[in-house]
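Numbered per numbering that gives the first Met the number 0, the sequence shown spans residues 0 to 232.
One structure below.
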Amino acid sequence: MRNDLTSMTDLLEGFGSRAGTSDGLAAERAPVPFADAVPTVPAAREDEVRPVHDLRETLLLRRSSLHYAPRPVRTDVVLTLLREVLARDGEDWGLDAEAGALEAFVFAFRSEGAAPGLYRVTADETCRLAGLEEIGPPESLGVQREFATGAGIVALYANLDRADSWAGAHGYRVSAVRAAMATYDLNFRLQALGLVGTLFGGFIPSSVHHLVQSDGVSRHSLLATTYAQPPAD
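Okay, structure coming up:
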């Protein structure tokens, strides 16, 4: 390990810079669209997204867990809550027009009420992109195999091209903070329903970049969370 913090200090100080590092024309470019996407309307009932724990109980009971029951999760519930989370991000930050909107991808491995597979979610729409057979081995999505043992994974993506044109390295920092807040928001709401999961930064987007149309710039993964039914006591 190194004890020279100069490089890290320079990196952290650089996040405050608002000088763009590219051509500043991100607004004229757009992430690759999904021509074969199938629009879907999540059919979660009101009682299914109603918390069973209040905020205090959720905070007291919350655990970062990699131990899951093999039972499926209602994917419609995850999609519904996720869309609300992304809408809330856009409203709270008010930066979608300048720095780009967040988007999320749900890898539903064990699904109830909806077909398993890959879903894309934004504040405005939800669509299904692929089946499980196209995703490949779930273990390829994380640096720890345990991440793939849950009912699913939700990965948050941001448009770093837009963020850089808006505010340089500071734009990246803001995008990372937004993604973290949105991921925690979703994780807390799922745990308030009695589900479990853990946030992780070891998501491996290269294994599915062809499915999520990720070039690492206009659509770049920042943070992820697992979700699942809790194991039996």
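Just so it is clear, CB atoms sit at the ideal spot from N, CA and C, and this is done for glycine as well.
Keep in mind that this is a model prediction, so the values were computed, not measured.
G200: not part of any beta strand (DSSP E); DSSP gives it neither H nor E. Fewer than three pairs of CB atoms, one per stretch, sit closer than 8 Å, so the segment 192-205 makes no contact with the segment 164-178.
Every alpha helix (DSSP H) stretch that sits fully inside the segment 20-96 and reaches 4 residues is listed by chain position as 54-60 and 74-92. DSSP, reduced to helix, strand and coil, places G141 within a strand of the structure shown. In this structure, the straight-line span from the alpha carbon of A36 to that of A18 is close to 36 Å. Under the DSSP assignment, R127 falls in the beta strand (DSSP E) whose first and last residues are T125 to A129. Its chain contains G135, S139 and L140 as the residues whose beta carbon lies nearer than 7 Å to that of S206, once the 5 sequence neighbours on both sides are disregarded; these appear in chain order. In the pairwise beta carbon analysis, the segment 73-81 is classified as touching the segment 94-106: at least three pairs are separated by under 8 Å. In this structure G149 is in contact with Y67, their Cβ atoms being roughly 5 Å apart against a cut-off of 8 Å.
Looking at the DSSP output, H219 sits in a beta bridge with A157.
Judged by DSSP in its simplified three-state form, G135 adopts coil rather than helix or strand. For the set G215, T8, V142 and D91, the Cα lying nearest the Cα of F202 is the one of V142. In the three-state scheme derived from DSSP, where H, G and I count as helix and E and B as strand, L4 is classed as coil. Cβ atoms of C126 and P229 stay farther apart than 8 Å, at about 29 Å. Residue state for L210 is assigned as helix, using DSSP reduced to three classes.
At a Cβ-Cβ threshold of 8 Å, Y156 and R218 count as neighbours. DSSP places G151 in the strand class (E or B) of the three-state scheme. Residue pairing by DSSP places V120 opposite A103 and T125 in a beta bridge.
Here E47 has R73 and V76 as same chain residues with Cβ atoms under 7 Å from its own Cβ, once five neighbours each way along the sequence are excluded. As the crow flies, the alpha-carbon of P69 is around 34 Å from that of N158. Taking a contact to require three or more Cβ pairs closer than 8 Å, the segment 161-168 and the segment 87-102 qualify as touching. In this structure the segment 49-58 does not lie against the segment 13-30, because fewer than three pairs of beta carbons, one per stretch, are closer than 8 Å. Burial check for D88: the Cβ neighbour count within 10 Å reaches 16 or more, so the residue is buried.
If you check the CB distance, F33 and L128 come in under 8 Å.
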